[in-house]
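Trainee: Can you keep this structure in mind? I'll have questions shortly.
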Amino acid sequence: MTLARALPDDAAEWWFFLGTFVLYALGRWFFAWQRARREGDSHPVRTAFAEEDDPDATHAALVGGFRSYRQFFGFVVSAVTVVLVTALTEGRLRVVLLWIIVPLLVIALSYLDFRQDRKARSRA
């Protein structure tokens, strides 16, 4: 089991993980800001940050659940895509593909979560 690792050994790897979470949060805030701007809100940035403070909207994220099958399948397909790219490529090609695919997948997942929260708010 020499390939299995529990935690990253290098500080740069920790920055990659942190960057993924930051990219997800920025994606969610961007989509909320864009929606508030389209709706003609006078303070779209304030509205975008206020959406994240709603405890009902973030309940599923806090308990680790998926609110819809789209979120679940989006997560599974993203994980399988990253594993396939990692397993089937080597060297520079792997690095380039992961630098392109992972941010796109993270933004796509943040958009799915944003849409799910928007639907939940419109029903309430």
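Note that the sequence shown ends on residue 1197 in my numbering; no numbers are left out. No residue lacks a Cβ here, since even glycine has one placed at the ideal position from N, Cα and C.
1. Using a Cβ-Cβ cutoff of less than 7 Å, which residues in the same chain neighbour G1137 once the five nearest sequence positions on both sides are dropped?
2. In chain order, what residues of the same chain lie with their CB nearer than 8 Å to the CB of T1162, ignoring the 5 residues before and after it?
3. Assuming Y1097 and S1183 make a contact with CB atoms under 8 Å, what is their CB distance in whole Å?
4. Going by C-alpha to C-alpha distance, which of V1149, R1111, A1105 and F1148 sits closest to A1123?
5. For the candidate residues F1187, R1188 and V1155, whose alpha-carbon lies nearest to that of L1174?
6. Output the boundary residues of the alpha helix (DSSP H) element that contains G1147.
7. With C-beta atoms as the reference, is T1093 less than 8 Å away from V1179?
Mentor: Let me spell this out:
1. At G1137, the pLDDT of 48 sits below 50, so the modelled position is not reliable; the number obtained from the coordinates is stated separately. Within the same chain, G1137 has no close Cβ partners at all.
2. L1170
3. Taking the Cβ atoms as the reference, Y1097 lies roughly 5 Å from S1183, within the contact range of under 8 Å.
4. When each option's Cα is compared against that of A1123, the closest is A1105.
5. Sequence check: residue 1174 is Ile here, not Leu. It is V1155 whose Cα lies nearest to the Cα of I1174.
6. Y1142 to L1161
7. yes
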